[in-house]
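Enquirer:
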Amino acid sequence: MTQVGLDEIERKYQLPLPADVRALWGWHDGADRTANSGFGDLFPQLTSAIDWAALTLRIRRDGDADDIWGADREPSAATRWVTLKGGQTSTEIDVTDPARGDCLVFIQDPTSPLDGFPRFTLTESIEGWILAVEIGYWYVEDGRWQYRPENYPSTPDRWRM
Numbered sequence: 015m016t017q018v019g020l021d022e023i024e025r026k027y028q029l030p031l032p033a034d035v036r037a038l039w040g041w042h043d044g045a046d047r048t049a050n051s052g053f054g055d056l057f058p059q060l061t062s063a064i065d066w067a068a069l070t071l072r073i074r075r076d077g078d079a080d081d082i083w084g085a086d087r088e089p090s091a092a093t094r095w096v097t098l099k100g101g102q103t104s105t106e107i108d109v110t111d112p113a114r115g116d117c118l119v120f121i122q123d124p125t126s127p128l129d130g131f132p133r134f135t136l137t138e139s140i141e142g143w144i145l146a147v148e149i150g151y152w153y154v155e156d157g158r159w160q161y162r163p164e165n166y167p168s169t170p171d172r173w174r175m
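All residue numbers in the sequence shown are consecutive under our numbering, ending with 175.
1) Can you give me the Cβ contacts of Ile149 inside the same chain, cut-off strictly under 6 Å, excluding the 5 residues immediately before and after it?
2) For Tyr166, which three-state DSSP category applies?
3) Whose C-alpha, out of Arg174, Ala146, Ile82 and Leu20, is nearest the C-alpha of Ile107?
4) Considering only residues of the same chain and omitting the five flanking positions on each side of Pro30, which have a CB-CB separation below 7 Å?
5) Distance check for Lys26 and Pro176, CA to CA, integer angstroms please.
6) Within the chosen definition, does the region 152 to 170 reach the region 60 to 78 through at least 3 CB pairs nearer than 8 Å?
7) Since Tyr161 sits in a beta bridge, which residues does DSSP pair it with?
8) According to DSSP, is Leu69 part of a helix, a strand, or is it coil?
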């Protein structure tokens, strides 16, 4: 994706993107969601990532999570996300502060408060993807990404993959 394309998306969504988010989607605009059977563990195209994150935030805000876990454990009204990996349990990038370097990434599970899983940075998440390839958890066969469940680590690194 070009810088001009990223600028257009920022204008369309009125969402200033942090530099590391622009760099990631500038490198590759994710996978076409329509070409896949589902959205689980998919690195989506940026427009899909923004749309999915907005929907996820709306669902969390419309529910009763504030009453269950407390408002301080849920996203504020100003919170803005971009989905890094989709699914019911998704990995979200907090883009609320576009000036922040190395955005925070966290796991969003609709059955848990936002602090229910470890948080890490976008850099650490990408390092987790590299680790997944290095240990043979993720691999490419016949032009398609695959994974070997038996190679999934039991260490805290697993949250970054």
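Positions of the beta carbon are idealized from the N, C-alpha and C atoms, including for glycine.
Expert: Let's see:
1) Asn165
2) coil
3) Arg174
4) Taken in chain order, the residues that qualify are Glu24 and Pro112.
5) Residue numbering for the chain in the displayed model covers 15 to 175; residue 176 lies beyond these limits and cannot be assessed.
6) no
7) Per DSSP, Trp152.
8) helix
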